[in-house]
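Read through the structure below, which is laid out as structure tokens, and then see the notes.
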Amino acid sequence: SRYQLCLLCFDRGDQLRARHALLLLLPLLLLASPPPSYHLQPCCACYPMQSPATPLTSKPTPTHLFSFSSHFSRSFPLRLSRSPFPPISSSSKPLSLQVICCKAAPTTRSLLSFLLRGIPDWSDDVKERGMRRRRPLYNHSSWRKHRSSRRHLRHLLSILSSRVILSLIPPVFALTAAAAAVAAYNSVVAAGWVPELFPLLRASSLPYQLAAPALALLLVFRTEASYSRYQEGRNAWMKVMAGTSDLAGMVMSVDAGELSVDVGTKRALLNYIMAFPVALKCHVIYGSDITADLCNLLEEDDLAVVLKSKHRPRCILEFISWSIQMLQMEEAKKCSMESKMSCFHEGICVCEQLMGIPIPLSYTRLTSRLLVLWHLTLPIILWDDCHWIVVPATFVSAASLFGIEEVGVLIEEPFSVLALDELCDQLLGSIQETLAIHNLVQEQVLARRKSQMDGHSANGRPN
Numbered sequence: 001s002r003y004q005l006c007l008l009c010f011d012r013g014d015q016l017r018a019r020h021a022l023l024l025l026l027p028l029l030l031l032a033s034p035p036p037s038y039h040l041q042p043c044c045a046c047y048p049m050q051s052p053a054t055p056l057t058s059k060p061t062p063t064h065l066f067s068f069s070s071h072f073s074r075s076f077p078l079r080l081s082r083s084p085f086p087p088i089s090s091s092s093k094p095l096s097l098q099v100i101c102c103k104a105a106p107t108t109r110s111l112l113s114f115l116l117r118g119i120p121d122w123s124d125d126v127k128e129r130g131m132r133r134r135r136p137l138y139n140h141s142s143w144r145k146h147r148s149s150r151r152h153l154r155h156l157l158s159i160l161s162s163r164v165i166l167s168l169i170p171p172v173f174a175l176t177a178a179a180a181a182v183a184a185y186n187s188v189v190a191a192g193w194v195p196e197l198f199p200l201l202r203a204s205s206l207p208y209q210l211a212a213p214a215l216a217l218l219l220v221f222r223t224e225a226s227y228s229r230y231q232e233g234r235n236a237w238m239k240v241m242a243g244t245s246d247l248a249g250m251v252m253s254v255d256a257g258e259l260s261v262d263v264g265t266k267r268a269l270l271n272y273i274m275a276f277p278v279a280l281k282c283h284v285i286y287g288s289d290i291t292a293d294l295c296n297l298l299e300e301d302d303l304a305v306v307l308k309s310k311h312r313p314r315c316i317l318e319f320i321s322w323s324i325q326m327l328q329m330e331e332a333k334k335c336s337m338e339s340k341m342s343c344f345h346e347g348i349c350v351c352e353q354l355m356g357i358p359i360p361l362s363y364t365r366l367t368s369r370l371l372v373l374w375h376l377t378l379p380i381i382l383w384d385d386c387h388w389i390v391v392p393a394t395f396v397s398a399a400s401l402f403g404i405e406e407v408g409v410l411i412e413e414p415f416s417v418l419a420l421d422e423l424c425d426q427l428l429g430s431i432q433e434t435l436a437i438h439n440l441v442q443e444q445v446l447a448r449r450k451s452q453m454d455g456h457s458a459n460g461r462p463n
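In full-length UniProt numbering, the protein residues as written are 1 to 463.
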């Protein structure tokens, strides 16, 4: 017979557990005659463009169900199906173990797994895709649109595309469902459809009135602490941008006659300076392609050295430091250039501090737990006054308070919210434009000086 099993439809942990189960089954299979043979083959559901090497002659009938799940991994049922035994003959083929996809019928457990895992995973995926989107820099038209009186209607119509709103779907709908369950239970008890043993879920609203200011203070402090981190990250990047522009200007002001090496060293130093903010941006933003961002700024051998290093911004700082030492100029100018690099080191420290040290987790957990417990008990508190209105009331309250908390969580890590890609592009364009203007002005001044040395002024009149 043929045992049919799919391992490719599972995650890594479930695949390992499934293979362990196969190792337990193999001794039983080895006792069969003739000796079995087994191989792994991707199924059509895992790879739709690839069909199984050996088509199935009949639809397998599942006979056993093994669930290789744990508390920390996804739970997918593993079905081992066995087709009917053919008549035993001397020319029968060896027993083969084939990996295929076996789709089980939807059950209550699979539906519950979808509600508890599928919807939150989808919501988180939408939010993470929005975090990786490029942020635009505002211009005059953007600010005019931002101040428009029609902004409220525009924001309302785009509510379904907001990643903040989409991230609220799991908690808000779960708490609303809990409120509906409490309202249904109280309605059944009030109608007398159950024995008097079941109490009516209601309570005084006085404890909520006393605890409401504490919850409000928690949310205010949470968002305030997150915004202070956002402002600190923005200020650190402004210092890095200003230091990059100043250092590039100092390098451009160095006369080529003062250098003991060719002009290529000066150009390489400018490229290293322009590459630093790009490398720092890739260092703090997850999923950045540093190779594509630096390929137009660094030579291939320099880029290879940067990519091999574990801390790429500091590697570029080493390139900058050694390039400055190669310039033969006054020590005062060298010291001035090296002092400008202090803002780069400070920017790295601030960015790594913001990335590695969040707001105290106890504070974040306390806010989250109080919000959940508040809205789980809110239908009980409001039942005497609102009855079935507790369902929309819970929905509105949860959407409002969880929305404020979600905004605080999003801006707690500021670099995915800042328009760092546009800032780096704007800085590189500004430095390149300044370099072009510098070369043009230098050529013009040198030509005028040469003309004066020949005894004529710039307008052609003799001195």
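Ideal placement from N, C-alpha and C gives every residue a C-beta, glycine not left out.
Okay, do the stretch 134-142 and the stretch 417-424 touch, 3+ Cβ pairs below 8 Å being the bar? With the cut-off at 8 Å, the stretch 134-142 and the stretch 417-424 touch.
Taking only runs of the alpha helix (DSSP H) that begin and end inside the stretch 243-299, which ones reach a length of at least 4 residues, in chain order? The stretch 243-299 contains, as complete alpha helix (DSSP H) runs of 4+ residues, the segments 263-284, 290-294 (chain order).
At which residue ranges does the stretch 369-443 contain complete alpha helix (DSSP H) runs of 4 or more residues, listed in the order of the chain? The stretch 369-443 contains, as complete alpha helix (DSSP H) runs of 4+ residues, the segments 390-412 (chain order).
Can you tell me whether Y230 is buried or exposed? The criterion is at least 16 other CB atoms within 10 Å of its CB, across all chains shown. To locate residue 230, count along the sequence shown from 1; it is residue 230. Here Y230 is buried. Its C-beta has 16 or more other C-beta atoms within 10 Å.
Taking the straight line between their C-alpha atoms, what separation do you get for L423 and M250? In the sequence shown, the residue the question calls residue 423 occupies position 423. In the sequence shown, the residue the question calls residue 250 occupies position 250. When rounded, the distance between both Cα atoms is 21 Å.
Cβ neighbour criterion (16 or more within 10 Å) applied to K340: Here residue 340 corresponds to residue number 340 of the sequence shown, with the count starting at 1. So K340 ends up on the buried side.
Please go through the same chain and pick out, in chain order, the residues whose beta-carbon is closer than 6 Å to the beta-carbon of W143, but skip the five residues on each side of it. Position 143 of the sequence shown, counted from the first residue, corresponds to residue 143. Cβ within range, chain order: n/a, list empty.
What number of angstroms, rounded off, separates the C-alpha of P277 from the C-alpha of R129? Walking along the sequence shown from the start, residue 277 turns up at place 277. Walking along the sequence shown from the start, residue 129 turns up at place 129. CA-to-CA, the gap between P277 and R129 works out to about 23 Å.
Span of the alpha helix (DSSP H), counted from its first residue to its last, around S141: As a first step, residue 141 must be located in the sequence shown, where it is residue number 141. Counting along the chain, the unbroken alpha helix (DSSP H) around S141 starts and ends at 140-146.
Counting C-beta neighbours from all protein chains within 10 Å, is the total for N271 16 or more, i.e. buried, or is it exposed? In the sequence shown, the residue the question calls residue 271 occupies position 271. Result: buried.
In chain order, what residues of the same chain lie with their CB nearer than 7 Å to the CB of L382, ignoring the 5 residues before and after it? By 1-based counting over the sequence shown, the position of residue 382 is 382. Here the set comprises V390, A393.
Hey, which unbroken runs of the alpha helix (DSSP H) at 4 residues or more fall wholly within the stretch 313-360? Entirely contained in the stretch 313-360, the alpha helix (DSSP H) runs reaching 4 residues are, in chain order, 331-340, 342-356.
Beta-carbon separation of L215 and W374 under 9 Å? Working through the sequence shown from its first residue, we reach residue 215 at position 215. Working through the sequence shown from its first residue, we reach residue 374 at position 374. Note that the C-beta distance between L215 and W374 is below 9 Å.
How many whole angstroms separate the CB atoms of L376 and E405, which I take to be in contact at a CB cut-off of 8 Å? Mapped onto the sequence shown, residue 376 falls at position 376. Mapped onto the sequence shown, residue 405 falls at position 405. Actually they are not in contact, since the Cβ atoms of L376 and E405 sit about 16 Å apart, beyond 8 Å.
Ordered along the chain, which non-local residues of its own chain (more than five positions away) have a Cβ less than 7 Å from that of H438? Here residue 438 corresponds to residue number 438 of the sequence shown, with the count starting at 1. Result list for H438: M252, in chain order.
Less than 9 Å between the beta carbons of A211 and L378, yes or no? Position 211 of the sequence shown holds residue 211. Position 378 of the sequence shown holds residue 378. Not closer than 9 Å, so no.
For L298, I'd like the list of residues in its chain whose CB is within less than 7 Å of its CB, leaving aside the five on either flank, ordered along the chain. The count along the sequence shown starts at 1 and reaches residue 298 at position 298. Apart from sequence neighbours up to five positions away, the residues of its chain that approach L298 with a beta-carbon distance below 7 Å are N271, A275, V306, ordered along the chain.
Given S161 as reference, the closest of S123, E346, M238 once Cα atoms are compared: Position 161 of the sequence shown, counted from the start, is the residue given in the question as residue 161. Closest by alpha carbon: S123.
Taking the alpha-carbon positions, what's the L446 to S228 distance? On the sequence shown, residue 446 is found 446 positions in, with the first residue counted as 1. On the sequence shown, residue 228 is found 228 positions in, with the first residue counted as 1. Computed Cα separation, rounded: 50 Å.
Should L65 be labelled buried (16 or more other beta-carbon atoms within 10 Å of its own) or exposed? Locating residue 65 in the sequence shown gives position 65, counting from the first residue. For L65, the pLDDT reaches just 35, beneath the cut-off of 50, and the residue's location in the model is therefore unreliable, although a value from the coordinates is still provided. L65 is classed as exposed because its beta carbon has fewer than 16 other beta carbons within 10 Å across all chains shown.
Can you give me the Cβ contacts of L247 inside the same chain, cut-off strictly under 6 Å, excluding the 5 residues immediately before and after it? Locating residue 247 in the sequence shown gives position 247, where the first residue counts as 1. So the list reads I273, K340, once near-sequence residues are dropped.
Is I380 near R202, with beta carbons less than 9 Å apart? Counting from one through the sequence shown, the residue named residue 380 turns up at place 380. Counting from one through the sequence shown, the residue named residue 202 turns up at place 202. In contact: I380 and R202 (Cβ atoms closer than 9 Å).
Quick one: is N296 buried, meaning 16 or more other Cβ sit within 10 Å of its Cβ, or exposed? Along the sequence shown, one-based indexing puts residue 296 at 296. Of the residues assessed, N296 falls on the exposed side of the cut-off, its CB having fewer than 16 other CB atoms within 10 angstroms.
Where do the ends of the alpha helix (DSSP H) carrying E128 lie? Counting from one through the sequence shown, the residue named residue 128 turns up at place 128. For E128, the enclosing alpha helix (DSSP H) stretches over residues 119-131.
Assuming I320 and L269 form a contact by the criterion Cβ under 8 Å, report the distance between their Cβ atoms to the nearest whole angstrom. Locating residue 320 in the sequence shown gives position 320, where the first residue counts as 1. Locating residue 269 in the sequence shown gives position 269, where the first residue counts as 1. By a beta-carbon distance limit of 8 Å, I320 contacts L269. Their separation comes to about 7 Å.
Using a 10 Å radius around the Cβ and a threshold of 16 neighbouring Cβ atoms, would you call P213 buried or exposed? The residue labelled residue 213 in the question sits at position 213 within the sequence shown. Looking at its Cβ environment, which holds fewer than 16 other Cβ atoms inside 10 Å, P213 is exposed.
Given this structure, state the Cα-to-Cα distance separating V441 from G429, to the nearest angstrom. Reading the sequence shown from its first residue, position 441 is the one you call residue 441. Reading the sequence shown from its first residue, position 429 is the one you call residue 429. Whole-angstrom Cα-Cα distance: 18 Å.
In three-state DSSP terms, what is D194? Counted from its first residue, the sequence shown places residue 194 at position 194. The sequence given here places Val at residue 194; Asp does not occur at that position. Coil at V194, not helix or strand.
Starting from I165, trace the alpha helix (DSSP H) in both directions and tell me its first and last residue. Within the sequence shown, residue 165 is the residue found at index 165, counting from 1. Residues 163-167.
Excluding five sequence neighbours on each side, which residues of the same chain lie with their C-beta closer than 8 Å to the C-beta of H146? By 1-based counting over the sequence shown, the position of residue 146 is 146. Excluding sequence neighbours, H146 sits near Y138.
Suppose you measure from the CA of S148 to the CA of S141; what does that come to, to the nearest Å? Sequence index remark: in the sequence shown, residue 148 carries index 148 (1-based). Sequence index remark: in the sequence shown, residue 141 carries index 141 (1-based). Taking the straight line from one Cα to the other gives about 10 Å.
Exposed or buried, C335, counting other C-beta atoms within 10 Å across all chains shown (16 or more means buried)? Position 335 of the sequence shown, counting from 1, holds the residue named residue 335. It counts as exposed.
If you follow the alpha helix (DSSP H) that L156 is in, where does it begin and where does it stop? As a position in the sequence shown, residue 156 is number 156, starting the count at 1. L156: member of the alpha helix (DSSP H) spanning 151-157, first to last residue.
Out of A292, G287, Y286, A279, which one is the CA nearest neighbour of H311? Working through the sequence shown from its first residue, we reach residue 311 at position 311. Considering only A292, G287, Y286, A279, the residue with the shortest C-alpha distance to H311 is A279.
What three-state label does DSSP hand K239 in the structure shown? Along the sequence shown, read from residue 1 onward, the residue named residue 239 stands at position 239. Per DSSP, reduced to three states, the secondary structure at K239 is helical.
Mapping DSSP to helix, strand and coil, what is V188? Translated into the one-based positions of the sequence shown, residue 188 becomes position 188. Judged by DSSP in its simplified three-state form, V188 adopts helix.
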